[in-house]
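Below: the structure, in structure tokens.
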Amino acid sequence: MTRKKIYVTSPELPPLDEFTPYLKDIWQSKILTNSGPLCIQLELELAKYLGVEHVSLVTNGTLALDLVIKALNIKGSVITSPFTFVATANALILNGIKPIYADINKKDGNINVDSIEALITPDTTAILGVHCYGNTCDTAKINKIANKYGLKVIYDAAHCFGVRTVDQSHLTNCDYSIISLHATKLFNTLEGGLIISKNAAYKKNVNELRNFCFVGEDIVSGVGTNAKIDEMRSALGLCQIKYVDQNISARRRVYLRYAAGLPACCKILITGNHPNYSYIPIVMPSNTLRERIYSRLKSADIYARRYFYPLVSSLTDTSQNPAVETPEAHDLAERILCLPIYPTLEDYDIDRIVSIFNDLI
Ligand SMILES: *Cc1c(COP(=O)(O)O)cnc(C)c1O
Numbered sequence: 002m003t004r005k006k007i008y009v010t011s012p013e014l015p016p017l018d019e020f021t022p023y024l025k026d027i028w029q030s031k032i033l034t035n036s037g038p039l040c041i042q043l044e045l046e047l048a049k050y051l052g053v054e055h056v057s058l059v060t061n062g063t064l065a066l067d068l069v070i071k072a073l074n075i076k077g078s079v080i081t082s083p084f085t086f087v088a089t090a091n092a093l094i095l096n097g098i099k100p101i102y103a104d105i106n107k108k109d110g111n112i113n114v115d116s117i118e119a120l121i122t123p124d125t126t127a128i129l130g131v132h133c134y135g136n137t138c139d140t141a142k143i144n145k146i147a148n149k150y151g152l153k154v155i156y157d158a159a160h161c162f163g164v165r166t167v168d169q170s171h172l173t174n175c176d177y178s179i180i181s182l183h184a185t186k187l188f189n190t191l192e193g194g195l196i197i198s199k200n201a202a203y204k205k206n207v208n209e210l211r212n213f214c215f216v217g218e219d220i221v222s223g224v225g226t227n228a229k230i231d232e233m234r235s236a237l238g239l240c241q242i243k244y245v246d247q248n249i250s251a252r253r254r255v256y257l258r259y260a261a262g263l264p265a266c267c268k269i270l271i272t273g274n275h276p277n278y279s280y281i282p283i284v285m286p287s288n289t290l291r292e293r294i295y296s297r298l299k300s301a302d303i304y305a306r307r308y309f310y311p312l313v314s315s316l317t318d319t320s321q322n323p324a325v326e327t328p329e330a331h332d333l334a335e336r337i338l339c340l341p342i343y344p345t346l347e348d349y350d351i352d353r354i355v356s357i358f359n360d361l362i
């Protein structure tokens, strides 16, 4: 018998027999994409679930970032976090924008708001914050700086599906925010993404951009791209959305068991009153210990991940020295370890992981 492998996540799928009736409808209607009825229905349900007004579905989270950058006509340089997935920076770079990496707070992994102002130059046009692990940035303080210098504000809220704050301000207290619906994320449409716009005009703009800027049969309003989601993935989303709250509760069980068992020197980096438990990020006491635990888990076929190491700044800008320029981000990248979490992760396996920590510490 081959040994069971445990990955950092296990993708969610609905019961197959809830999906197949949608396929019959699609085969009958032959509406496959281009903002069909299932895409529109899912946008409405997502807006309701997320508690926001203006939702647009797109084909993935990276193109969601790309569209909002284009919609805001952002140029020059943008202040962002180096402690994130590489897509955050790539979306800027691929639009000819220079990412300027600010340092982060170790308490939540997010951009340190107090470090932003010193980095602003005449080239700066926007702040792109990342709600790392679903821990939310201080949106009020970021808006204050943005207003003072006339900057746009975007949030990469890729990790935030199901995270709750007062008025959902982490999604709406900005020009645009985006969420990834990739297979590994809390709520998935296989590949997918969504954009939350601050008003109807902003939504209209990204909706045009995602469909070549067509505004009539033979009229285009600008130079758009193709970032549309199709009807099959929209149907999958309609099946998945019923299970999100159940999924979050099941993940909370896993989180509580880790929290009760892990040594006190291993801190779980989750903040906020209503997290979604999409990650179990552990801040280890040292890099040596992080590497030892990571290898020991691996030899037991348990694949924890060092999100986010190496820092995106060191992948995208080799002239930067993260150890000097963003020391907090550098230090966190050296010590972070994300443990497996998904609804069906068994107590027995959580206990095995916890005991590896307790053996080595
Ligand atoms: C997953 C992720 C993305 C990219 O989303 P895709 O849907 O995979 O394109 C962007 N930013 C962050 C922080 C992510 O974790």
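In the numbering used here, the protein residues as written are 2 to 362.
C-beta atoms are modelled at their ideal positions from N, C-alpha and C, and glycine is treated no differently.
Cβ of asparagine 61 within 7 Å of any heavy atom in ligand 1?
Yes - ligand 1 has a heavy atom lying nearer than 7 Å to the Cβ of asparagine 61.
Measuring alpha carbon to alpha carbon, tell me which residue in Asp318, Ser314 and Ile351 is nearest phenylalanine 86.
That would be Ser314, whose Cα lies nearest to the Cα of phenylalanine 86.
Relative to ligand 1, is the shortest distance from any of its heavy atoms to the C-beta of alanine 159 smaller than 7 Å?
Checking the Cβ of alanine 159 against ligand 1 gives yes.
With DSSP collapsed to three states, give me the class of proline 276.
Three-state result, proline 276: coil.
For proline 38, which of helix, strand or coil comes out of DSSP?
Three-state result, proline 38: helix.
Hey, is alanine 305 close to ligand 1, as in C-beta under 7 Å from one of its heavy atoms?
Checking the Cβ of alanine 305 against ligand 1 gives no.
Grab me the residues of valine 224's own chain with a C-beta within less than 8 Å of its C-beta, minus the 5 sequence neighbours each way, in chain order.
Here the set comprises Cys214.
Please say whether isoleucine 143 and valine 154 have beta carbons closer to each other than 8 Å?
Yes, these two residues count as a Cβ contact at 8 Å.
Mind checking whether aspartate 302 and lysine 5 have CB atoms under 8 Å apart?
Closer than 8 Å, so yes.
Rounded to the nearest angstrom, how far is the Cβ of isoleucine 337 from that of arginine 307, given a contact under 8 Å?
Yes, isoleucine 337 and arginine 307 are in contact; Cβ-Cβ is about 6 Å, under 8 Å.
Under 7 Å: does the beta carbon of serine 279 sit that close to some heavy atom of ligand 1?
Serine 279: no, Cβ never under 7 Å from ligand 1.
From the DSSP output, in three-state form, read off proline 160 for me.
Note that residue 160 is histidine in the sequence shown, not proline. Reduced to three states, the DSSP call for histidine 160 is coil.
Would the C-beta of histidine 183 count as close to ligand 1, meaning under 7 Å from any of its heavy atoms?
Yes, the Cβ of histidine 183 comes within 7 Å of a heavy atom of ligand 1.
Quick one: grab the DSSP three-state call for arginine 249.
What sits at residue 249 in the sequence shown is isoleucine, not arginine. It is helical.
Tell me where the beta strand (DSSP E) around threonine 81 begins and ends.
Segment 78-81, the beta strand (DSSP E) holding threonine 81.
Specify the secondary structure class of arginine 306 as computed by DSSP and reduced to three states.
Strand.
Buried or exposed for isoleucine 75, going by 16 or more other Cβ atoms inside 10 Å?
It is buried - the Cβ of isoleucine 75 has at least 16 other Cβ atoms within 10 Å.
If I follow the unbroken beta strand (DSSP E) through tyrosine 102, where does it start and stop?
That run of the beta strand (DSSP E) goes 99-102.
Any heavy atom of ligand 1 closer than 7 Å to the Cβ of phenylalanine 213?
Checking the Cβ of phenylalanine 213 against ligand 1 gives no.
Suppose contacts are defined by Cβ-Cβ distances below 8 Å. Is glycine 52 in contact with glutamine 169 by that definition?
Yes.
Relative to the alpha-carbon of valine 284, which residue among Pro264, Asn277, Asn274 and Ser300 has its alpha-carbon at the smallest distance?
Of the listed residues, the one whose Cα sits closest to valine 284 is Pro264.
Alpha carbons only, please: which of Ile197, Glu44 and Phe358 is nearest the one belonging to alanine 72?
The residue with the shortest Cα to Cα distance from alanine 72 is Ile197.
Just checking lysine 204 against ligand 1 - is the residue's beta carbon closer than 7 Å to any of the ligand's heavy atoms?
Answer for lysine 204: no, Cβ out of range of ligand 1.
Note down the Cα distance separating asparagine 322 from proline 328, rounded to an integer number of angstroms.
So the two alpha carbons sit approximately 9 Å from each other.
Between the alpha carbons of alanine 1 and leucine 210, how many angstroms are there, rounded?
No information on residue 1 is available, as it lies outside the stretch 2 to 362 that the chain covers here.
How big is the Cα-Cα spacing for tyrosine 134 and proline 341?
If I take the Cα positions, the gap works out to 14 Å.
Can we say the region 86-98 touches the region 271-286, given the rule of at least three CB pairs closer than 8 Å?
The answer is no - the region 271-286 does not touch the region 86-98, with fewer than three Cβ pairs under 8 Å.
What did DSSP end up calling leucine 182 once you bin it into helix, strand or coil?
Coil, per DSSP.
Ligand 1 and valine 131: does the residue's C-beta get closer than 7 Å to at least one heavy atom of that ligand?
For ligand 1, at least one heavy atom lies less than 7 Å from the Cβ of valine 131.
With a threshold of 7 Å, establish whether the CB of glycine 194 neighbours any heavy atom of ligand 1.
Under cutoff, so the answer is yes.
Out of Thr89, Phe188 and Tyr156, which one is the CA nearest neighbour of glycine 163?
Per the Cα distances, Phe188.
Between asparagine 136 and glycine 110, how many whole angstroms is the CB-CB distance? I'm expecting something under 8 Å.
The pair is a contact, with the Cβ atoms about 6 Å apart (cut-off 8 Å).
Taking 8 Å as the cut-off, does the region 20-37 touch the region 234-250 (at least 3 CB pairs, one atom from each stretch)?
Judged by Cβ distances under 8 Å, the region 234-250 makes contact with the region 20-37, as three or more pairs qualify.
In the DSSP assignment, the alpha helix (DSSP H) including threonine 125 goes from what residue to what residue?
It is not in any alpha helix (DSSP H) - threonine 125 instead sits in the beta strand (DSSP E) that spans 125-131.
Assuming valine 59 contacts alanine 228 under a Cβ cut-off of 8 Å, what Cβ separation, rounded to an integer in Å, is found between them?
Rounded, the Cβ-Cβ distance is 4 Å, consistent with contact.
By how many angstroms is the C-alpha of isoleucine 105 removed from the C-alpha of tyrosine 50?
The alpha-carbon atoms of tyrosine 50 and isoleucine 105 are separated by roughly 30 Å.
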